[in-house]
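K.L.:
Below is a structure I'd like to ask you about.
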C-alpha cells in the first residue's frame, strides 16, 4: 500500500515518508527506544495500524512482552480508559507476534542494561 | 495545587493520583524510560503542563538534552506541525532546567548503555 | 478479551481496570448518571467500542431511547459533524438493544424524577 | 466577545450559536443533566474555557460541589492523566464559584432524586 | 443510514444535519473550496467515513487527483505520521472514484483559475 | 523562537521545518488555498498559535475577512462547539490584522475566480 502512495509521485509526501523512516534510526537515542516512544504515542493517539507497526518494530528490536506491556500501561494511564480498546487490540497483535516467533521469551532490553 | 485536589477527598481521584505515581516506578521498564514515554505522549497530546512535568523528571533521571530533543522529534513526526508550538514551549523549559542545574552536560542515558 | 488483559498480570493495568469499574458505582452522582456522562465522553472522543459498552450500561440503567439520543445530541453539538459516523454507529447499536430487550419502551429516568 | 462573533454576520455561525443554546434546554433529558454531560465532554476534550462555562451552568443548575467533582472524576478516568491540568483548573474555578455564591452548600441534584 | 437518524425525530439533531448541509453551499467561499477544507479537517481528525464523503464531494466538484493529493499532503504535515493510515485509506477511495468515473482526468480547479 | 529550535541542531527537526515550509509553496494547489486548508486544520485541532500563523498567511495571500470567516465556519461545524473559544481567538487576531493593514477591504480570492 505504501508503494501506491509512492506512486502518487508527490514530492512532499515522499519526503515525509523518508523523514519518517529516518526518525527511527539510531541518534542521541537508540533506534529501539524511539520505537517504544512511537508505540506509546500511537496508543494515546488511538491508532491501531500505527500500534501494530510499532509493536512489530519493538518486538524485532528485542523488547520483551513485559517491557512492551509496561509501555502500554503508561499509555493507558496517560490516555485513560478510552485507550482500553486499543490495549485489547495490542494484546491480540502481541499474541500473533509470539506465535510467529517475532516476540521471543529471551527478549529483554532493560535486563541487559 | 495537587494538595487542593487531595483535599477534595474524592476516593476515585485519590486512587487515580496514586496509580499515576506508581506507573513511573521501576517495573519491566526502568523508571526513566517510562518518563521519556510519558514526555512523548504528552507532546503528541499537546499538553504543556504535562510536558513540563515530564521534562523535569527526564532531566532528573539523567537524560541529556540531546536525548530529550530526540524524543521530542519522535513526537513531532508522529504528531505533525501542530506539535511545533509545544516543541517551542519544551525548548524554553529545557533552558530553565539547564540554568537551574537540573539538566547537566554530563547527563546521558544512552551513552552509558 | 478483558480476561486476556488480566492474564498479562501487570499490576498497574489490573489496578486501572479496578479503578475504572469503581468509577461507575453510586457516589455523589448515581451510577446511571455517570454511565450517561461516559457515553457522551466516548462519543466526543469518537470510540465506537466505548460507545457500545456505555450504551448497553445506559439501557440497563433504565434510560429511554429518547434520553440516550438527547445525550448523543449533546455530544454531536460539542464534538461537531466529525461525530456523525459515531452517531450512526450508536443508532445501529440502539436497534440491537431494542431487539434483544435491553432497551425497553418503559425505560425513562427523567420522567421518574 | 460572543457579540463580536454575532457582528461577523455569518448566517452559518449565527445558526450554530442558536443551535448550541437550544441544545441545553429541557428535552428528553432535563437541562441540568445536559450541562453535566457537556462539562464532562469539555474535560475529556481538554478545553478550559468550555469547562469554566459549563461549571458555572452546573452550579447555577443546583449541582453540589461533590456531584460536580464526581462528574470530573469520570472525565479523569475516561481521559487519563492528561486531564489532570484541567482538573486543577476546574478546582480553581469551583473555588471562585463558591466564593461568589454561585455554588452553595445546599446544592444537590442527586439527593433530591 | 442518515434516514434512520432523521427518523429519530430529534429536533436538535435534524437542525444540526440541516446546518451541516448548508455549510457547504456557495458563500464567501465557493462550495468546492469548502469541501476541500472539510476533507483536510477530516484527515487531521482521522475519520475515514468523513474522508470518503468529502473525497467524493471534491471529485464531483471538479478537483483533480493531484489537487486532492496536495490537500491531503497538507493534512499529513499538519497532523503527522499518525495520519498515514488515513492517507492510505484515501488513496484506495480515490482509486474507486477513478474507476467509477467520478474523478476524471480532465478535472482541475486550479488550472482554471 | 524558531531560531532556538534551529540552534538545537537536530537534523530530523531541521528537515521537518524545511518540509513544513515547502508544503505551502505552489503545487497542484496554489499556495493560498493550502494556507486556508492549514487554517481550518489548525482550528479543528484547536491550536491558537497555529491559527494565528495561518490567519496572517491567509490575509497576506489576499483572502478577505468574509472568506476567512467562511473557512472558520467549516471548522466550527466539523469540530463542534469545542472550537468556539478558538473562533473567538481568531476573531480577535483578525481585528489586529485589520488594524495593522495586513487584512484589507479589497482582499478577495473567490470574487476574482
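Residue numbers (the working numbering), protein chains in the order written: chain A, 351 to 463; chain B, 351 to 463; chain C, 351 to 463; chain D, 351 to 463; chain E, 351 to 463; chain F, 351 to 463. Glycine is no exception: its CB is placed at the ideal position from the N, C-alpha and C atoms. All values derive from a computational prediction rather than experimental measurement.
Check each residue of the stretch 408 to 434 of chain A: if its Cβ is closer than 8 Å to any Cβ of chain D, include it; give the result in chain order.
P.N.:
Residues 426, 427, 428, 429, 430, 431, 432, 433.
K.L.:
Per DSSP, what kind of secondary structure is residue 364/A in: helix, strand or coil?
P.N.:
helix
K.L.:
Could you check if residue 361/A is buried or exposed, using at least 16 other CB atoms within 10 Å of its CB as the buried criterion?
P.N.:
exposed
K.L.:
With distances taken Cα to Cα, identify the nearest neighbour of residue 423/F among 419/C, 417/C, 425/C, 430/C.
P.N.:
The shortest CA-to-CA distance from residue 423/F to any of 419/C, 417/C, 425/C, 430/C is the one to 430/C.
K.L.:
Just verifying my parser: in three-state terms, what is the DSSP assignment at residue 351/B?
P.N.:
coil
K.L.:
For a test of the three-state rule: what should DSSP assign to residue 358/D, helix, strand or coil?
P.N.:
coil
K.L.:
Going along the chain, which residues of the stretch 352 to 379 of chain D sit with their C-beta nearer than 7 Å to a C-beta in chain F?
P.N.:
354, 355, 358, 360, 362, 363, 366, 370
K.L.:
Going along chain C in order, which residues have a C-beta closer than 7 Å to the C-beta of residue 388/D?
P.N.:
Within chain C, the C-beta atoms nearer than 7 Å to that of residue 388/D come from 424, 428, in chain order.
K.L.:
Assign residue 385/F to one of two classes, buried (16 or more other C-beta atoms within 10 Å of its C-beta) or exposed (fewer than that).
P.N.:
buried
K.L.:
Assuming contact is defined by CB atoms lying nearer than 8 Å, are residue 379/C and residue 421/D in contact in what I supplied?
P.N.:
yes
K.L.:
Could you give the C-beta distance for residue 366/C and residue 427/A, rounded to a whole number, given that I count them as a contact under 8 Å?
P.N.:
7 Å
K.L.:
List the endpoints of the continuous alpha helix (DSSP H) containing residue 398/F.
P.N.:
398 to 410
K.L.:
Using the three-state DSSP reduction, which class does residue 429/B fall into: helix, strand or coil?
P.N.:
helix
K.L.:
Note down the Cα distance separating residue 358/C from residue 432/A, rounded to an integer number of angstroms.
P.N.:
19 Å
K.L.:
Determine the direct distance from the alpha carbon of residue 355/D to that of residue 353/C, and round the result to whole angstroms.
P.N.:
52 Å
K.L.:
Exposed or buried, which one is residue 434/E when buried takes at least 16 other CB atoms within 10 Å?
P.N.:
buried
K.L.:
If residue 395/E and residue 405/E are in contact, beta carbons under 8 Å, what's the gap, nearest whole angstrom?
P.N.:
Not a contact, Cβ separation roughly 15 Å.
K.L.:
Given residue 410/C, which residues of its chain have a CB within under 8 Å of its CB, disregarding the five upstream and five downstream residues?
P.N.:
452
K.L.:
State yes or no: is the beta carbon of residue 381/A nearer than 8 Å to at least one beta carbon in chain E?
P.N.:
no
K.L.:
Applying the 10 Å Cβ sphere with the 16-neighbour rule, what's the burial state of residue 450/F?
P.N.:
Taking all protein chains shown into account, residue 450/F has fewer than 16 neighbouring C-beta atoms within 10 Å of its C-beta and is therefore exposed.
K.L.:
For residue 374/E, I'd like the list of residues in its chain whose CB is within less than 8 Å of its CB, leaving aside the five on either flank, ordered along the chain.
P.N.:
381, 384, 385, 388, 407
K.L.:
Using three-state DSSP, classify residue 455/B as helix, strand or coil.
P.N.:
coil
K.L.:
Does DSSP put residue 379/C in a helix, a strand or coil?
P.N.:
coil
K.L.:
Could you tell me the distance, in whole angstroms, from the CA atom of residue 448/E to the CA atom of residue 457/E?
P.N.:
Near 11 Å, if we compare the C-alpha coordinates of residue 457/E and residue 448/E.
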